[in-house]
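In the UniProt record's numbering, the protein residues as written are 1 to 189. Beta carbons: idealized from backbone N, C-alpha and C, even for Gly. Quick caveat: nothing in here was measured; it's all calculated off a predicted structure. Report on one structure; see the data block that follows.
Right under this line is the structure:
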């Protein structure tokens, strides 16, 4: 019995430190207590890949969405790279004064942000013209900014230096297939 307990634990985590790291403990506490904890977005976050999340009360849709997630992320990465958004080529720097800078290649854009802990959403405002809301999944070293799929297509066109309708059509058609599909960016500090 004791051997099977240790065997199961090593299958689930690389080591005890992985099992009891801050991110995992935080998820457990949040799930048990139902309380959201404050997040720290301040710093520079670099793009590592796309992020996809499905929000649906329909379990069948969730299962299908989870199965499609890897395919969606792969297609997103392919399409994002066509408009200049690649691993290490895009970043967001969030400052304590509620300003931020997003950088794609050598192109920088400034804006302001505000975070709502209750909804776990950040409001990004570029040049007082483009207003975007994103769901935030954040831990000490990683953050996902997840947008409603149609909103991400707008930000991709805005951020991308060489956006073309053909590059965005594939992502758009994929997003149309799933209600509650959130698309975004996987960022690392």
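query, result
"Distance between residue 140 and residue 129 (C-alpha atoms, nearest Å)", "31 Å"
"Residue 144 - containing beta strand (DSSP E), residue span", "142-148"
"For residue 73, the nearest candidate out of 52, 120, 88 (CA to CA)", "52"
"Residue nearest to residue 146 in terms of C-alpha spacing, selected from 103, 76, 43", "76"
"Per DSSP, cross-strand counterpart(s) of residue 90", "104"
"Own chain residues within Cβ distance below 7 Å of residue 92, not counting five before or after", "45, 100, 102, 187"
"Sufficient close CB pairs (3 or more, under 8 Å) joining the region 78-95 to the region 103-119", "yes"
"Through-space distance from residue 136 to residue 123, alpha-carbon basis", "10 Å"
"Sheet register partners of residue 128 (DSSP bridge)", "In the DSSP output, where bridge partners are listed per residue, residue 128 has none listed."
"Counted within 10 angstroms of its Cβ, other Cβ atoms place residue 183 as buried (16 or more) or exposed", "buried"
"Separation of residue 42 from residue 81, as counted between CA atoms", "26 Å"
"Backbone CA spacing between residue 79 and residue 113 [nearest angstrom]", "26 Å"
"Beta-carbon contacts of residue 55 that lie in its chain and below 7 Å, excluding the five residues immediately before and after", "180, 182"
"Limits of the beta strand (DSSP E) - the one that residue 186 falls within", "181-188"
"For residue 109, three-class secondary structure by DSSP", "strand"
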